[in-house]
Amino acid sequence: MDVTLQHEHAWDVSTGEAKALQKRLAPQVRAEPLPRAPQTVAGVDVSIRGDLAQAAIAVLRLPELEVVAEAVHRCDVPFPYVPGLLSFREMPALLPALRKLDATPDLFMLDSQGLAHPRRFGLACHFGVLLNVPALGVAKSRLEGERAGELSVEKGSRVALLDDDPGETIGAVVRTRDDTNPVYVSIGHRITLDEAVEITLQCSPRYKIPEPTRAAHKLSRKERE
DNA sequence: GCGACAG
DNA sequence: ATCTTGTCGC
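Using the numbering used here, read the first sequence as starting at 4 and increasing by one per residue.
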């Protein structure tokens, strides 16, 4: 796809400069409805093995989740892992992969935080703002914020993720499947939180888990608590 | 100083 | 994230 960056900036920066960049760009994030129901969504991820970073993007058509395009790119790992600065580790691998992609998805899903970030500028925001595309973040664990309440075990249940101030809502904790750990959903850019949650659920596997397995999981979870 | 800490 | 070990269900 056509990759035109809204803001050109260096990636080889100090941690101090990286944080300053995030603070400068964070006001660019826009929470607004999608222009139309997305017909395609891109799953975006980066794996790191030793010195090798490998970015992968898969475009799926909704609602059947059929893969219609994909691209990968390998390069050196450019930045250490620092909580809150994931963009500087993953974006340099992601941009060339995007250029190889033979499609322009309606929306991007990143395995990261978006707004639910100490400076309100997680990877999903950085990605969305630089490329000026709709993006959302789905993380497997918490970086910032606190659950507004208890979460029930049924698929689809959700609670707000709040952060200090006047209880600012920075995301949602969402159960995408019965009896599984919830995910942390937050907006990246040009989407609303409700839409982000809806899309996340729509993109979750919905095959039926065999009942004996479910019962055992239920028991083992009870024992851990 | 201590605890927390996306991937 | 990646790596390793251990358990359980099918």
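The C-beta atom is built at its ideal place from N, Cα and C for all residues, glycine as well.
Note that the coordinates shown come from a computational prediction; the quantities given were computed from them, not determined experimentally.
DSSP-derived helix/strand/coil call for residue i
i, result
"I194", "coil"
"S50", "strand"
"M4", "coil"
"A13", "coil"
Same chain, Cβ closer than 7 angstroms to residue i, five either side skipped, listed in chain order
i, result
"H10", "L28, L133"
"E157", "R178, D181"
"A72", "V62, L104, D105, A106"
Bridge-paired residues (DSSP) for residue i
i, result
"D79", "L55"
"V44", "L63, L110"
"V70", "L63"
Test item: CB-CB of residue i and residue j under 9 angstroms
i, j, result
"G140", "D167", "no"
"R92", "V49", "yes"
"L63", "I202", "no"
"A127", "H192", "yes"
"A119", "I173", "yes"
"A151", "A163", "yes"
"C78", "A58", "yes"
"V32", "I190", "yes"
Same chain only: Cβ atoms within 8 angstroms of residue i, ignoring 5 sequence neighbours per side
i, result
"P169", "none"
"K211", "Here the model assigns K211 a pLDDT of 49, short of 50, so the residue's position is not dependable, and the following value carries that caveat. Cβ neighbours of K211 beyond the five flanking positions: none."
"L35", "Here residue 35 is Glu; the residue named in the question, Leu, does not match the sequence. Around E35: R193, I194, T195."
Close-in-space but distant-in-sequence residues of the same chain around residue i (CB under 6 angstroms, 5 per side omitted)
i, result
"A45", "I60, V62, P108, F111"
"G131", "A138, G191, H192"
Alpha helix (DSSP H) runs contained entirely in the stretch 126-199, provided each spans 4 or more residues: 126-134
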